[in-house]
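Notes for the one structure printed next.
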Amino acid sequence: MNGPLHGPARAVFLEPSRKIAYLKDVSDSISPTEACLSGRCPRCGEGRIFASWLQFRAACPACGLDLSRHDNGDGPAYLTICVVGGLITVLAALVEIRFAPPYWLHRLLWLPLVILGSVVILHYAKAWLLAASFRHHRLEEDPS
Ligand SMILES: [Zn+2]
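Residue numbers for the sequence shown follow our numbering, beginning at 10 and rising by one.
Printed below as a string of structure tokens:
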């Protein structure tokens, strides 16, 4: 993470044996989008990464990838706020312009949608960021 290159581009500076292993590992892994939508491990594509809807397992049950070492910080929450907040704001504005309902109806309609949408989107945002992080920072994660 210190150099200007990340992910597969960093393989250029590896010794030949590690370069081959690294590039094979990258080509065998699934894309962050596939990992996100399926909820599967970004390295093997087999093991489920979630122990519950929003909590990762400690490790992939199929390949043993240590998921506890990945830290996405506030990334999933930021993505969720952008997606859900933007979508609900546009929908609320359209409903207000078209129907002009009373304020209590806005609250009754949008509050549950914000809560439900946030929980759903947060799950996928966490999975996608974990997979993207794994793909682009894997050299620092696995020094073997
Ligand atoms: Zn795995």
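C-beta: ideal position from N, C-alpha, C; glycine also.
His115 and Ala101 look like a contact to me (Cβ under 8 angstroms); what is the Cβ gap, rounded to whole Å? 6 angstroms
Anticipated Cβ contact below 8 angstroms, Trp137 with Cys45, distance rounded: 4 angstroms
Report yes if the C-beta of Gly56 is less than 7 angstroms from at least one heavy atom of ligand 1; otherwise report no. yes
Please report the distance separating the alpha-carbon of Lys93 from that of Tyr112. Inspection of the sequence shows that residue 93 is occupied by Val rather than by Lys. So the two alpha carbons sit approximately 20 angstroms from each other.
Based on Cα-Cα distance, which residue from Pro41, Leu120 and Gly73 lies nearest to Leu96? Checking every option, the nearest Cα to that of Leu96 belongs to Leu120.
The alpha helix (DSSP H) that contains Phe108, what's its start and end? Gly84 to Phe108
Distance cut-off 7 angstroms: Cys91 Cβ against heavy atoms of ligand 1: no
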